[in-house]
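Q: Handing you a structure now.
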Amino acid sequence: MTSTFPVASDFFQLFADADDIDNWMLGAMRLMSSEDVGQLRRNDRTHTLHTQPEQQKVQERLAAIDARYKELVELIKLRKQRLLDALSLYKLISESDGVERASACRPVAI
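Read in order, the letters of the sequence shown correspond to residues 771 to 880 in our numbering.
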C-alpha cells in the first residue's frame, strides 16, 4: 500500500499542475484577445519614457521564453518519434517471439 501512495500522489500532482497551467493559459488568452490598448494622457508621456528600458527587458524575456518553447516543441517531437520507434520495435520482437513459438510447436515434415 505504501508503494502506491507516491505514484498516486504524483498522478494527482500532475493534474493539479496541469490545471494551474491551463488556468494561466486561459488568463493569458483572455488578456491577449482583449481589444483594450490603453489611453495616452499627457502625464503618461513621462511614464512611457521611463519604461522604455523595462519594455526592452520584457521583449528580451519574451524572446527567451519563445525560444525555449520552440526548443521544447522540438524535444517533444523527438521524444514522440523515439517512443513510436520503441513501440514498433517491441511489436516486432513480440511478433517474432510468437512466430518462434509457433514454429517450435509445429511438427517438422521430412
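Ideal Cβ positions, reconstructed from N, Cα and C, are used throughout, including at glycine.
Note that the structure is a prediction, hence the values are computed from the model and not measured.
How is the alpha helix (DSSP H) around residue 800 delimited, first residue to last?
A: 774-802 is the extent of the alpha helix (DSSP H) around residue 800.
Q: If you drop the 5 nearest sequence neighbours on each side, which residues of the same chain put their C-beta closer than 7 angstroms to that of residue 819?
A: For residue 819, the predicted structure reports a pLDDT of 46, less than 50, and the residue's modelled location is therefore unreliable. A value from the coordinates is still provided. Within the same chain, residue 819 has no close Cβ partners at all.
Q: Alpha carbon to alpha carbon, how far is residue 887 from residue 826?
A: Within the shown structure, residues of the chain are numbered from 771 to 880, placing residue 887 beyond reach of any answer.
Q: With DSSP collapsed to three states, give me the class of residue 826.
A: Here residue 826 sits in helix by DSSP.
Q: Can you give me the C-alpha to C-alpha distance between residue 870 and residue 861, rounded to a whole angstrom?
A: Cα-Cα distance, rounded: 14 angstroms.
Q: Which same chain residues, not among the five before or five after residue 838, have their C-beta less than 8 angstroms away from its C-beta?
A: No residues qualify anywhere along the chain.
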